[in-house]
Amino acid sequence: MVAHVGLISLSVAFPSMHCLPRLGFTKRRPFAMAALSDDPVQEWILTEGKATQITRISPVGGGCINLASRYDTDAGSFFVKTNRSIGPSMFEAEAIGLDAMYKTGTIRVPKPYKVGPLRNSGSYIIMEFIEFGASRSNQSVLGKKLAEMHKAGKSEKGFGFPVDNTVGSTPQINTWSSDWIQFYGEHRLGFQLKLARDQYGDSTIYQKGHRLIKNMAPLFEDIVIEPCLLHGDLWSGNITSDKDGEPVILDPACYYGHSEAEFGMSWCAGFGGSFYNAYFEVMPKQPGFEKRRDIYLLYHYLNHYNLFGSGYRSSAMSIIDDYLRMLNV
Ligand SMILES: *[C@@H]1O[C@H](CO)[C@@H](O)[C@H](O)[C@H]1NC(C)=O
Ligand SMILES: *[C@@H]1O[C@H](CO)[C@@H](O)[C@H](O)[C@H]1NC(C)=O
Ligand SMILES: *[C@@H]1O[C@H](CO)[C@@H](O)[C@H](O)[C@H]1NC(C)=O
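When we follow this note's numbering, the leftmost residue of the sequence shown carries the number -5, and every step to the right adds one.
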């Protein structure tokens, strides 16, 4: 998931300004009038977005799955992602996740504005444009703000999320459950194990993985697990900072889960001591944290195995084997 694919065929994706419709009869808002008929993104920006003029559309690098652009207007800038080949449900799920995080009023995330279908096929999401800063965000501020989000993002329905979403491009099932061990076993580990069996015929990892799921309850003994709002895919590629150095997190795979599951991508996140110290000041470390660490990595290793192939299999397998030995099952 670290690969960044170059932007494809800019001339097709970003029609230059002189390709846009010529001035109409009325001198007032000609651009708006012409654009309204053919592009739902411009239509939204020029109506609900309160702009009267789009001054510039420029490509933005970073994300690897969708095309991203920045729209500068007389009402500020907007960030837009489009994908020509999928319906709006993926962006809808992203918007619901961003909105849930945004509403905690803790860590900075772009505010989502609008999701919809493109004219012929595909879909778009429009959100707040955040100007990123040059430097990495302060690790202790990041830890504190993330913990504040976990603390503030409460769920009345238990573990899950109002919609399914995707982690990388793998579906992530968020059916509500009141039982975390059941939820994590079925919808996280179990889902990935099934994918590995279906796609690679890997029945060894499937069977051993299920033996672990059936026997993992002792790892969660003596703690109360509250559903917390999680970003769900927190690695360095999805963490940045704004121009004031405030941490910003992007591209979530949100759900309500055990706070510790947020560290499942920590092998790709570069969290240091000052991050964890600040985090635990707000969300105290629970007994047994260390012995559960790897079971939360396991979900993401399995996902990488499913997305990128066998290079990740041995990491997943050795976590499973170590737990089976430790639990003596
Ligand atoms: C966030 O991570 C996902 C993969 O997990 C990736 O597809 C996406 O491009 C990342 N976002 C950015 C801004 O790099
Ligand atoms: C659109 O989404 C699909 C499915 O996630 C992805 O494979 C494809 O690369 C995306 N591309 C563009 C340019 O829209
Ligand atoms: C990070 O922020 C903390 C708390 O605001 C501050 O004490 C510390 O000096 C900062 N660290 C860096 C490297 O700027």
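Each residue gets a CB set at the ideal place from its N, CA and C atoms; glycine is no exception.
Cα-Cα separation between residue i and residue j, rounded to whole angstroms
{"i": "P278", "j": "L301", "result": "34 angstroms"}
{"i": "I219", "j": "G81", "result": "35 angstroms"}
{"i": "G303", "j": "L40", "result": "44 angstroms"}
{"i": "W38", "j": "A69", "result": "12 angstroms"}
{"i": "E275", "j": "G267", "result": "12 angstroms"}
{"i": "D236", "j": "Y96", "result": "15 angstroms"}
{"i": "T67", "j": "Q36", "result": "10 angstroms"}
{"i": "L213", "j": "Q176", "result": "13 angstroms"}
{"i": "D227", "j": "R102", "result": "16 angstroms"}
{"i": "A28", "j": "I51", "result": "Unreliable positioning characterises A28 in this predicted model, as indicated by a pLDDT of 45, which lies under 50. The coordinate reading is nonetheless provided below. Whole-angstrom Cα-Cα distance: 16 angstroms."}
{"i": "G116", "j": "L189", "result": "26 angstroms"}
{"i": "L224", "j": "G91", "result": "9 angstroms"}
{"i": "R16", "j": "D238", "result": "Unreliable placement is indicated for R16, whose pLDDT of 29 sits below 50; no coordinate value is reported for it."}
{"i": "F85", "j": "Q193", "result": "26 angstroms"}
{"i": "H294", "j": "T198", "result": "18 angstroms"}
{"i": "N322", "j": "E125", "result": "52 angstroms"}
{"i": "F269", "j": "I233", "result": "13 angstroms"}
{"i": "G305", "j": "I48", "result": "46 angstroms"}
{"i": "M320", "j": "N114", "result": "55 angstroms"}
{"i": "T98", "j": "A89", "result": "14 angstroms"}
{"i": "W174", "j": "N168", "result": "12 angstroms"}
{"i": "W170", "j": "E284", "result": "27 angstroms"}
{"i": "C262", "j": "G231", "result": "8 angstroms"}
{"i": "Y147", "j": "Y200", "result": "Note on residue identity: the sequence assigns Gly, not Tyr, to residue 147. So the alpha carbons of these two residues sit roughly 33 angstroms apart."}
{"i": "H298", "j": "H204", "result": "18 angstroms"}
Endpoints, the alpha helix (DSSP H) within which residue i is located
{"i": "P34", "result": "P34 to I39"}
{"i": "N297", "result": "F283 to F302"}
{"i": "T198", "result": "S197 to N209"}
{"i": "V276", "result": "G267 to V276"}
{"i": "L189", "result": "F185 to Y194"}
{"i": "L321", "result": "R307 to L321"}
CA nearest to the CA of residue i, picked from the options
{"i": "L318", "options": "K202, A87, A141 and P104", "result": "K202"}
{"i": "D196", "options": "D68, G99, L61 and R307", "result": "R307"}
{"i": "L187", "options": "I207, G91, S149 and I175", "result": "I207"}
{"i": "S134", "options": "Y299, G127, A272 and P221", "result": "A272"}
{"i": "E215", "options": "G282, G110 and P53", "result": "G282"}
{"i": "E254", "options": "K44, P221 and V54", "result": "P221"}
{"i": "T46", "options": "N297, P53, V54 and Y65", "result": "Y65"}
{"i": "A87", "options": "K44, S163, D173 and L296", "result": "S163"}
{"i": "N159", "options": "D173, R182 and H298", "result": "R182"}
{"i": "P111", "options": "T169, V157, K145 and D33", "result": "D33"}
{"i": "L296", "options": "N209, G179 and A211", "result": "G179"}
The beta strand (DSSP E) enclosing residue i, as first and last residue numbers
{"i": "D66", "result": "L61 to T67"}
{"i": "V74", "result": "G70 to N77"}
{"i": "T46", "result": "No beta strand (DSSP E) holds T46; DSSP gives it neither H nor E."}
{"i": "I243", "result": "P241 to I243"}
{"i": "Y250", "result": "Y249 to G251"}
{"i": "I80", "result": "Taken as a continuous stretch (DSSP letters only), I80 belongs to no beta strand (DSSP E), as it is neither H nor E."}
{"i": "C262", "result": "From DSSP, C262 is part of no beta strand (DSSP E); its letter is neither H nor E."}
{"i": "I233", "result": "I233 to S235"}
Take every Cβ of the region 134 to 149, pair it with every Cβ of the region 240 to 248, and state whether three or more of those distances are shorter than 8 angstroms. yes
Under 8 angstroms: do the region 247 to 262 and the region 147 to 159 share three or more Cβ pairs, one atom per stretch? yes
Segments of 4+ residues assigned as alpha helix (DSSP H) that fall wholly inside the region 94 to 176: 133 to 146
Are the region 61 to 75 and the region 114 to 127 touching by the rule of at least three beta carbon pairs closer than 8 angstroms? yes
Taking 8 angstroms as the threshold, find out whether the region 59 to 67 comes into contact with the region 104 to 114 through three or more Cβ pairs. no
Closer than 8 angstroms is the cut-off here; do at least three beta carbon pairs connect the region 281 to 291 with the region 309 to 317? yes
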